[in-house]
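Trainee: With full-length UniProt numbering applied, the sequence shown has no gaps in its numbers, which climb one by one up to 215 at the end.
Quick one: this structure, given as structure tokens, is what I'll be asking you about.
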Amino acid sequence: MAQTTATIAVWWTDDMLTRDPVTSKPTFIRTEEVLFAGVKSLWHDVKLDKLDFSHQDRLRQNFHIVTHPKINGGGPVLMKLAVWPWEIGYIETETAAYQWICDKGVGPKFLGHLTEGPNGRVVGFITEWLDGTRPAGPRDLDDCKKTLARLHQLGIKHGDINRHNFLVREGHEAVLIDFETSRRDRPHVELEDEMDALKSSLESTDPRGGPAVRD
Numbered sequence: 001m002a003q004t005t006a007t008i009a010v011w012w013t014d015d016m017l018t019r020d021p022v023t024s025k026p027t028f029i030r031t032e033e034v035l036f037a038g039v040k041s042l043w044h045d046v047k048l049d050k051l052d053f054s055h056q057d058r059l060r061q062n063f064h065i066v067t068h069p070k071i072n073g074g075g076p077v078l079m080k081l082a083v084w085p086w087e088i089g090y091i092e093t094e095t096a097a098y099q100w101i102c103d104k105g106v107g108p109k110f111l112g113h114l115t116e117g118p119n120g121r122v123v124g125f126i127t128e129w130l131d132g133t134r135p136a137g138p139r140d141l142d143d144c145k146k147t148l149a150r151l152h153q154l155g156i157k158h159g160d161i162n163r164h165n166f167l168v169r170e171g172h173e174a175v176l177i178d179f180e181t182s183r184r185d186r187p188h189v190e191l192e193d194e195m196d197a198l199k200s201s202l203e204s205t206d207p208r209g210g211p212a213v214r215d
């Protein structure tokens, strides 16, 4: 797969309005051009326009189950995108992380970059949709240890090992998701600390990181 670090950015017009004290009509008091950057870690060959997808379900504001005629035989896949400009950094980190773990048996299969328009900036990515999964629990400790160990063998610290970031299917190994805070080339002690924290993470009843209510 080819890799490039070229940045594709988009200019937007940012206007500020106020109400005229005499006429009470809206009046522009400032207009400026704002540059919105896109994801730079463009390592996958496939780029897909987000407008070419059909929406199936919304999991969170930036997570959607979608379909595309050229991917997965037209079956469901997962779209993750930056909704706000400051979220690009998180998508950048996670996109790079998917390259680090590609074909390593750690996370979902990365299927391509997501663009705004046919030649627009990259604002997200597409992965396989793992249907029929559940968040891990205490009984899944051994399976989750195996998956986390594979990640650590690559020198990568996940950074957020709450139980909802381990997905479990019967007859399959646990899968890690959400690599927004992942870092590689971490010292061994950090990886050990993360592994040591796994048991308590799987036992936690903290709802943060759990599935959102579909609308």
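Beta carbons: idealized from backbone N, C-alpha and C, even for Gly.
Note that the structure is predicted; figures quoted are calculated from it, not measured.
Can you tell which of Gly112, Asn162, Tyr90, Pro76 has the C-alpha that lies nearest to the C-alpha of Asp140?
Mentor: Checking every option, the nearest Cα to that of Asp140 belongs to Asn162.
Trainee: Measure the C-alpha to C-alpha separation of Gly171 and Gly132 and round it to an integer number of angstroms.
Mentor: Rounded to the nearest angstrom, the two C-alpha atoms are 11 Å apart.
Trainee: Tell me which same chain residues have a C-beta within less than 7 Å of the C-beta of Asp215, skipping the five on either side of it?
Mentor: Only weak support exists for where Asp215 lies, its pLDDT of 41 falling under 50; the value from the coordinates is given anyway. If we look at Asp215 and ignore the five residues flanking it on each side, its Cβ neighbours are Arg58.
Trainee: What does DSSP give as the partner residues of His172 in its beta bridges?
Mentor: Per DSSP, none; premise fails for His172.
Trainee: Ignoring anything shorter than 4 residues, give me the alpha helix (DSSP H) runs that lie fully in the stretch 57 to 135, in order along the chain.
Mentor: With a minimum length of 4 residues, the continuous alpha helix (DSSP H) runs that stay inside the stretch 57 to 135 are 88 to 100.
Trainee: What residue range does the beta strand (DSSP E) around Lys47 cover?
Mentor: Element bounds for Lys47: 47 to 49.
Trainee: Which residues bound the alpha helix (DSSP H) around Asp143?
Mentor: From DSSP, the alpha helix (DSSP H) with Asp143 extends over 141 to 153.
Trainee: Would you kindly check if the distance between the Cβ of Phe125 and the Cβ of Lys157 is under 8 Å?
Mentor: Against a cut-off of 8 Å, the Cβ pair of Phe125 and Lys157 comes out as no contact.
Trainee: Where do the ends of the alpha helix (DSSP H) carrying Lys199 lie?
Mentor: First-last of the alpha helix (DSSP H) with Lys199: 198 to 203.
Trainee: Rounded to the nearest angstrom, how far is the Cβ of Leu78 from that of Thr127, given a contact under 8 Å?
Mentor: At roughly 5 Å, the Cβ-Cβ gap stays under 8 Å, so Leu78 and Thr127 are in contact.
Trainee: So that I know if they touch, is there some Cβ in chain B lying closer than 8 Å to that of Leu167?
Mentor: Any reference to chain B falls outside this structure, which holds one protein chain only.
Trainee: Decide if Thr95 is buried, meaning its Cβ has at least 16 other Cβ atoms within 10 Å, or exposed.
Mentor: The residue is buried, with at least 16 neighbouring Cβ atoms inside 10 Å.
Trainee: Using a 10 Å radius around the Cβ and a threshold of 16 neighbouring Cβ atoms, would you call residue 281 buried or exposed?
Mentor: With the chain represented from 1 up to 215, any question about residue 281 goes unanswered, as that position is not in the structure.
Trainee: Just the C-alpha distance for Glu203 and Asp196, rounded to the nearest angstrom, thanks.
Mentor: Those two C-alpha atoms are separated by around 13 Å.
Trainee: Are Ile71 and Trp129 close, meaning C-beta to C-beta below 8 Å?
Mentor: Against a cut-off of 8 Å, the Cβ pair of Trp129 and Ile71 comes out as no contact.
Trainee: Can you list, in chain order, the residues of its chain whose CB lies under 6 Å from that of Phe53, leaving out five sequence neighbours each side?
Mentor: Excluding sequence neighbours, Phe53 sits near Val66, His68.
Trainee: Distance check for Gly38 and Thr18, CA to CA, integer angstroms please.
Mentor: One C-alpha to the other measures close to 31 Å.
Trainee: For His164, name the three-state secondary structure that DSSP assigns.
Mentor: Reduced to three states, the DSSP call for His164 is helix.
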